[in-house]
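Below you'll find the structure, written out as structure tokens, and then a few comments.
2 protein chains.
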Amino acid sequence: MKIIQGNAVVFTQGGPTAVINASWVGVVLELINVPEITGVYGSLNGIDGVLNENFVDLRAQGEERLIAVSRTPATALLSTRHKPKDEENRKMLEVFKKYNIRYVFGAGGNDTSESLDIINDAAKDQGYELRLFHVAKTVDNDLMENDHTPGYASAARYVANAFRGVDMDNQCFGGLYLGVCMGRHAGFLTAASALGRTTPESGPHLVYVPERAFNIDQFCQDVETVYHKYGRCVVAVSEGVEDKNGVPILQLLSEGKLDADSHGNVQLSGTGALADALIDKVKNYLTDRLNAHSKEKGVSKKLRARGDTLGYIQRSFPDQSPVDYEETLSLGKFAARMAMEGNIDGSVAIQRISDSPYQSEFKLVPLKAVAGKTRHLPDGHINAEGNNVTEAFIRWGKPLIGELNPFGLLDTTKMVIKK
Amino acid sequence: MKIIQGNAVVFTQGGPTAVINASWVGVVLELINVPEITGVYGSLNGIDGVLNENFVDLRAQGEERLIAVSRTPATALLSTRHKPKDEENRKMLEVFKKYNIRYVFGAGGNDTSESLDIINDAAKDQGYELRLFHVAKTVDNDLMENDHTPGYASAARYVANAFRGVDMDNQCFGGLYLGVCMGRHAGFLTAASALGRTTPESGPHLVYVPERAFNIDQFCQDVETVYHKYGRCVVAVSEGVEDKNGVPILQLLSEGKLDADSHGNVQLSGTGALADALIDKVKNYLTDRLNAHSKEKGVSKKLRARGDTLGYIQRSFPDQSPVDYEETLSLGKFAARMAMEGNIDGSVAIQRISDSPYQSEFKLVPLKAVAGKTRHLPDGHINAEGNNVTEAFIRWGKPLIGELNPFGLLDTTKMVIKK
Chain A
3 MKIIQGNAVV
13 FTQGGPTAVI
23 NASWVGVVLE
33 LINVPEITGV
43 YGSLNGIDGV
53 LNENFVDLRA
63 QGEERLIAVS
73 RTPATALLST
83 RHKPKDEENR
93 KMLEVFKKYN
103 IRYVFGAGGN
113 DTSESLDIIN
123 DAAKDQGYEL
133 RLFHVAKTVD
143 NDLMENDHTP
153 GYASAARYVA
163 NAFRGVDMDN
173 QCFGGLYLGV
183 CMGRHAGFLT
193 AASALGRTTP
203 ESGPHLVYVP
213 ERAFNIDQFC
223 QDVETVYHKY
233 GRCVVAVSEG
243 VEDKNGVPIL
253 QLLSEGKLDA
263 DSHGNVQLSG
273 TGALADALID
283 KVKNYLTDRL
293 NAHSKEKGVS
303 KKLRARGDTL
313 GYIQRSFPDQ
323 SPVDYEETLS
333 LGKFAARMAM
343 EGNIDGSVAI
353 QRISDSPYQS
363 EFKLVPLKAV
373 AGKTRHLPDG
383 HINAEGNNVT
393 EAFIRWGKPL
403 IGELNPFGLL
413 DTTKMVIKK
Chain B
3 MKIIQGNAVV
13 FTQGGPTAVI
23 NASWVGVVLE
33 LINVPEITGV
43 YGSLNGIDGV
53 LNENFVDLRA
63 QGEERLIAVS
73 RTPATALLST
83 RHKPKDEENR
93 KMLEVFKKYN
103 IRYVFGAGGN
113 DTSESLDIIN
123 DAAKDQGYEL
133 RLFHVAKTVD
143 NDLMENDHTP
153 GYASAARYVA
163 NAFRGVDMDN
173 QCFGGLYLGV
183 CMGRHAGFLT
193 AASALGRTTP
203 ESGPHLVYVP
213 ERAFNIDQFC
223 QDVETVYHKY
233 GRCVVAVSEG
243 VEDKNGVPIL
253 QLLSEGKLDA
263 DSHGNVQLSG
273 TGALADALID
283 KVKNYLTDRL
293 NAHSKEKGVS
303 KKLRARGDTL
313 GYIQRSFPDQ
323 SPVDYEETLS
333 LGKFAARMAM
343 EGNIDGSVAI
353 QRISDSPYQS
363 EFKLVPLKAV
373 AGKTRHLPDG
383 HINAEGNNVT
393 EAFIRWGKPL
403 IGELNPFGLL
413 DTTKMVIKK
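As they're listed, the protein sequences go chains A and B.
Count along the first sequence starting at 1, add 2, and that's the number in the numbering used here.
Count along the second sequence starting at 1, add 2, and that's the number in the numbering used here.
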């Protein structure tokens, strides 16, 4: 198989992850020693760097620096959410010709695979020989054809650690804690809140994902049930939860209260508003119920209730899951090998061989199989009530996030008895 | 020096930290081998466990379990914010007598040292021989007589890591990021956001602490200045910021918009509202300014702006600073030794010998020196403009948080030049 002589370009798009640098560093490490590859360029800010001819020389960086960069969260090649228009696709082809770029590797979500597919068709039309590869990436884990996507496991590790910490914290005083996790349409990251549970009684006790309609009254009753059992309740909620008619829950809870800003925007995500509104709602509900129960005693019970929004730290916390890092670096190398072995295009995906011992393999799948589609949490990973994950999810998720610092628990069966 | 024969009790109070278990485990490890100490009890839920005679047998736990618990965030002895009344102090003394408890160790903030001081006085009045020790604890780091308090360094490590991650994330798209940190009256934890900076251009670019009056207009101008320099701006703000008249900033920003809930409470902290209000304010300000500048071109610029509230995860994230853990365990042991050496009471404090190499020592200080007072960030740790920390703060804080995962940066002086 003859390798076309020319330059290669790598770029990254969309929301970064803790390991996205490892995707393109993997590609580069595999290509820098191939004699036919005359140069390896990093396009800055995704496809915008192609349009502006803004390329970093990646071969000149040296291996040691590249490895250090691969250990660093967010993308050193910067990002964009720019979707190219037709004339921009033509412009990019001109740039590829001008620089003799023959290999293109884009790390991103399904938007990126769609863009690559469009450029691919344009190149074929013009008879310009181009090899285009998509390296999957997203903390949401919502790409088709992937068991899980690079970046998910590190974000999941953070979410699991955050919840096992706040669950211990919540035990100290009792009461309610609610944390809102990323994932507009897919519940994988919210579900990861359950991966750090230390005992059968550990939180999160309730997990709500966007794959199931969210019912505010049912949610309040669910919390009440857990609270009566444990004197406390820890809840994980996806930012994307909607009611059965597809109306965002924040919109329902803030009827008439959410002002548009001076630019006319009503922001429904990327703020702390959902956590605040949900915890307010359930705190008031449960306080009223508790006081109705204890009315005869004439005491008014105060309920401790706290809400947090995990925010951007989920995708950028500098603590890569070891599996995520190794797989992502290797997946980048695999993409480069696929190109060197004469494949024309495709998306490289991680597929699972077994849970225990954990084993995965890489596959080249068609760009169109990934483009423009959303993958959801499988039905078997959500319980019948739609308020928790199942053991099947735990088995699936645990190998991905790596070892967590072990917790020690006090043996409270050993109490002091006064003789 | 004769050691009084009897039992010892340890308890924890107030908001937990990532190392608070190490405080009391240190005490227990030192006491379990002293023949005169007939039993070591853990009071559950702070002084409430004394009032309810709810004691865990800590000697029965074994050293291995105790060490594992000391590695676990939040307090396994649970907590309370209950301030004892006079009759409760008398009741506690009765319980101490009933169980022949002669040694009391309380880990907590200045409320706890105040409580211990009051019990102390009551015991003296009644001629009951009691030894009372306070082991400092608080992520806020606001206790007098301490260079830093157990728990601060681990929370600071988390905040530093969170900001160095989101700072890399913010670079990818540019725009504004604002994170609100814990610390109602003291800015130590917010200041820790600067401890993970990787380069002179790294964020947070602005740091606002409660020790300085916060001016909303000045804040907007500060952000504008940084944005014009870097095309982006990362800001850390303390939840406790107030204007020059002591009015909370959230109250100023939400004039007329903040409804009391059905129970009549207007919540000013423990919600995402401050981050949301500040980022809205500065986004609108800067968008208007940018569009005024570019009006001639007839283009409306959109500004990316995100706000997060770091929340309860700050104090419970399961990643102890090594210095924090070792010091806290040793400080607990020191408190126990102080008791065995015949001291009557006091608070054990960490004092610093030198920054580099980092060295600290422990001192026994009077309970009254710590009780009911708040320590603030020293003037020398805040810059003249009141919008950043100084190098003096960085030198002070760096040794506390431990090594962070190293970051690698791309060399963008090595660009591809088309010949």
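Note that the Cβ used here is the ideal one computed from N, Cα and C, for glycine as well.
- Contact annotation: the segment 317–337 of chain A touches the segment 15–26 of chain A, with at least three C-beta pairs closer than 8 Å.
- Residue A:Leu312 holds the alpha-carbon nearest to the alpha-carbon of Gly274 (chain A) among A:Leu312, A:Cys235, A:Asp50 and A:Asn286.
- Below the 9 Å Cβ cutoff, chain B contributes no neighbours of Phe190 (chain A), its closest Cβ being approximately 20 Å away.
- Judged by DSSP secondary structure, Gly189 (chain A) falls outside any alpha helix (DSSP H); it is assigned neither H nor E.
- In terms of Cα proximity to Ser81 (chain B), the closest of A:Glu147, A:Gly177, A:Tyr154 and A:Gly44 is A:Gly177.
- Counting along the chain, Asn9 (chain B) sits inside no alpha helix (DSSP H); it lies in the beta strand (DSSP E) bounded by residues Gly8 to Thr14.
- Put simply, the CB of Leu80 (chain B) is near chain A, with a gap under 7 Å to one of its CB atoms.
- A distance of 7 Å or more separates the beta carbons of Cys174 (chain A) and Ala24 (chain B).
- With respect to chain B, the C-beta atom of Phe409 (chain A) has a partner C-beta closer than 7 Å.
- Distance check between His136 (chain B) and each of B:Trp26, B:Leu252 and B:Lys416 places B:Trp26 closest, using alpha-carbon atoms only.
- Contact between Leu208 (chain A) and Asn389 (chain A) holds: their C-beta atoms lie close to 5 Å from each other, under 8 Å.
- Taking 9 Å as the Cβ-Cβ cut-off, the segment 98–129 of chain A approaches chain B at Lys100 and Tyr101, given in chain order.
- Around Ser156 (chain A), the same chain offers Ala20, Val21, Gln322, Ser323 and Asp326 as residues with beta carbons nearer than 6 Å, after the five sequence neighbours per side are excluded.
- Contact between Pro206 (chain B) and Val237 (chain B) holds, since their C-beta atoms are separated by about 6 Å, short of 8 Å.
- Within the DSSP bridge table, the entry for Gln353 (chain B) names B:Glu363 as partners.
- In the DSSP annotation of this structure, Arg199 (chain A) is not part of any beta strand (DSSP E), being labelled neither H nor E.
- Annotated as proximal: Glu213 (chain A) and Gly189 (chain A), with beta-carbon spacing under 7 Å.
- In the structure shown, the three-state DSSP call for Val106 (chain B) is strand.
- Under a 10 Å Cβ-count criterion, Arg133 (chain A) is classified as buried, with 16 or more other Cβ atoms of the shown protein chains found around its own Cβ.
- Apart from sequence neighbours up to five positions away, the residues of its chain that approach Glu147 (chain B) with a beta-carbon distance below 6 Å are Ala351, Val367, Ala371 and Val372, ordered along the chain.
- The beta carbons of Tyr105 (chain B) and Gly8 (chain B) sit about 7 Å from each other, so the pair counts as a contact at 8 Å.
- Per the coordinates, the alpha-carbon of Val12 (chain B) lies some 24 Å from the alpha-carbon of Thr376 (chain B).
- Residues of the segment 314–339 of chain B that bring their beta carbon within less than 9 Å of a beta carbon in chain A comprise Tyr314, Ile315, Arg317, Ser318, Phe319, Pro320, Asp321 and Gln322, in sequence order.
- The Cβ-Cβ distance between Val36 (chain A) and Ser45 (chain A) does not fall below 7 Å.
- Its chain contains Ala193 and His383 as the residues whose beta carbon lies nearer than 6 Å to that of Phe395 (chain B), once the 5 sequence neighbours on both sides are disregarded; these appear in chain order.
- Around Leu333 (chain A), the same chain offers Ser25, Gly28, Val137, Pro152, Val350, Ile352 and Phe364 as residues with beta carbons nearer than 7 Å, after the five sequence neighbours per side are excluded.
- Lys335 (chain B) has its alpha-carbon roughly 43 Å from the corresponding atom of Val284 (chain A).
- Looking from the CA of Thr40 (chain A), the closest CA among A:Phe98, A:Asn102 and A:Pro86 belongs to A:Asn102.
- Residue environment: Val249 (chain B) is assigned as exposed (fewer than 16 neighbouring CB atoms within 10 Å of its CB, all protein chains considered).
- Beta-bridge partners assigned by DSSP to Ala307 (chain B): B:Leu178.
- For Glu244 (chain A), the secondary structure class from DSSP, reduced to helix, strand or coil, is strand.
- The DSSP-derived three-state label of Ala238 (chain A) is strand.
- DSSP lists B:Gly108 and B:Ser349 as the beta-bridge partner residues of His136 (chain B).
- Between Val182 (chain B) and Val239 (chain B), the C-beta gap is smaller than 7 Å, which places the two residues in contact.
- Residues of the same chain with a CB within less than 6 Å of the CB of Gly110 (chain B), apart from the 5 flanking positions on each side, are Gln15, Gly16 and Lys139 in chain order.
- The alpha carbon of Ala307 (chain A) has as its nearest neighbour, out of A:Ile34, A:Ala78, A:Leu180 and A:Ala337, the alpha carbon of A:Leu180.
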